[in-house]
């Protein structure tokens, strides 16, 4: 029996922990599989998906910046992924490529794992409006949060995301805060949960998010960036007395759901977390 051929596509892709994570899960389950990282340039996405078909690759994770764009290149989209408007997992089903979204489930599980068992009635502030933001906003709206405020450098994308959230859960109040506006401080300060879904803070960029003066004790601050494990946002959260939550938990839980879709097998969450934490900590 040939090894299960899996991988991840994105740009850039050098930082990804997904190959090591899924190979650990394969070893845990005694499954023969390969998992490769493919750095796909923006003009080559369609050709890359053609290559997936031609090479009979069994499944892929999809990361920045292709979670939305890839949808138009697949044969089928799951109901959840269609509602979110983003795909982060592709599964070969016979001759068809089907898109799924495991980010939403991964985000909610990571939050609940770390003490916020019920987001219902909470107020949320979200940085970003890309594919990951769509999953986070949809998950939170479905969980019954009271209000979601979105900010993004491109206002049009914020509006699009806000409309999507309203369609997901009409009981959730959705607002938009202009990036770098005075309203950001107020929006951050009044939120119970703050989530960064952008790449700000990744690596050694030195970039910072606006409005962080509004952080204070009693808030949950989530950064989906996982390298470094403690981003500038999470350091600022700690200094303000808020509870920080790193992006490694979401990465692991979305990966666990993708692994289940590909193999039907369980994912050793705690074992992978310990190994990845040791790798990321200085």
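Residue numbers (our numbering): 10 to 291.
Cβ atoms here follow ideal geometry from the backbone N, Cα and C, with glycine treated the same way.
(request) Less than 8 Å between the CB atoms is what I'm expecting for residue 96 and residue 81, so what's the real figure, rounded? (result) About 10 Å separates the Cβ atoms of residue 96 and residue 81, ruling out a contact at the 8 Å cut-off.
(message) By the three-class DSSP mapping on this structure, what secondary structure does residue 101 have?
(response) strand
(message) Please report the distance separating the alpha-carbon of residue 208 from that of residue 254.
(response) 16 Å
(request) State the Cα-Cα distance for the pair residue 89 and residue 110, rounded to the nearest angstrom. (result) 7 Å
(request) Give me the Cβ distance between residue 313 and residue 258, rounded to the nearest whole Å; I'm assuming they're in contact under 8 Å. (result) Coverage of the chain is limited to positions 10 through 291, which leaves residue 313 absent and any answer about it impossible.
(message) Is the separation between the beta-carbon of residue 131 and that of residue 155 shorter than 8 Å?
(response) yes
(message) Would residue 144 and residue 165 qualify as a contact pair, given that the criterion is a beta-carbon distance under 8 Å?
(response) no
(message) Counting C-beta neighbours from all protein chains within 10 Å, is the total for residue 216 16 or more, i.e. buried, or is it exposed?
(response) exposed
(request) Please work out which residues of its chain come closer than 6 Å, Cβ to Cβ, to residue 264, disregarding the five sequence neighbours upstream and downstream, and give them in chain order. (result) 30
(request) Could you tell me whether the segment 236-256 touches the segment 266-273, using the rule of 3 or more Cβ pairs below 8 Å? (result) no
(message) Using DSSP's beta-bridge definition, name the partner residues of residue 86.
(response) 108
(request) Decide yes or no for the touch test of the segment 54-63 against the segment 30-39: beta carbon pairs closer than 8 Å, at least 3 of them. (result) no
(message) Less than 8 Å between the C-beta atoms of residue 256 and residue 241, yes or no?
(response) In this structure, residue 241 does not lie closer than 8 Å to residue 256 by Cβ.
(request) Identify, in the order they occur along the chain, each residue of the same chain with its Cβ nearer than 7 Å to the Cβ of residue 161, setting aside the five sequence neighbours on each side. (result) Excluding sequence neighbours, residue 161 sits near 137, 138, 167, 188.
(message) As a quick exercise: from 37, 98, 45, 134, pick the residue whose alpha carbon is nearest that of residue 24.
(response) 45
(message) Helix, strand or coil for residue 61? Go by DSSP, reduced to three states.
(response) helix
(request) Note the first and the last residue of the continuous alpha helix (DSSP H) segment covering residue 25. (result) Residue 25 -> no alpha helix (DSSP H), and no H or E assigned at all.
(request) Classify residue 14 as helix, strand or coil using the three-state DSSP reduction. (result) Strand.
(request) Compute the Euclidean distance between the alpha carbons of residue 210 and residue 10, then round it to the nearest angstrom. (result) Each residue's alpha carbon lies about 43 Å from the other.
(request) Under 8 Å by Cβ, that's how I've got residue 12 and residue 43 pegged, so tell me the actual separation to the nearest angstrom. (result) 5 Å
(message) Please give me, in chain order, every unbroken run of the alpha helix (DSSP H) with length at least 4 that falls completely inside the segment 103-176.
(response) 112-122, 140-151
(request) Starting from the Cα of residue 219, find the closest Cα among 236, 87, 239, 134 and give me that residue. (result) Taking only the C-alpha atoms, the option nearest residue 219 is 134.
(request) Name the one or two DSSP bridge partners that residue 46 has. (result) According to DSSP, which records beta bridges pairwise, residue 46 is partnered with 17.
(message) Applying the 10 Å Cβ sphere with the 16-neighbour rule, what's the burial state of residue 127?
(response) exposed
(message) Here's the rule I'm using: 16 or more other beta-carbon atoms within 10 Å means buried, otherwise exposed. How should residue 180 be labelled?
(response) Its Cβ having fewer than 16 others within 10 Å, residue 180 is exposed.
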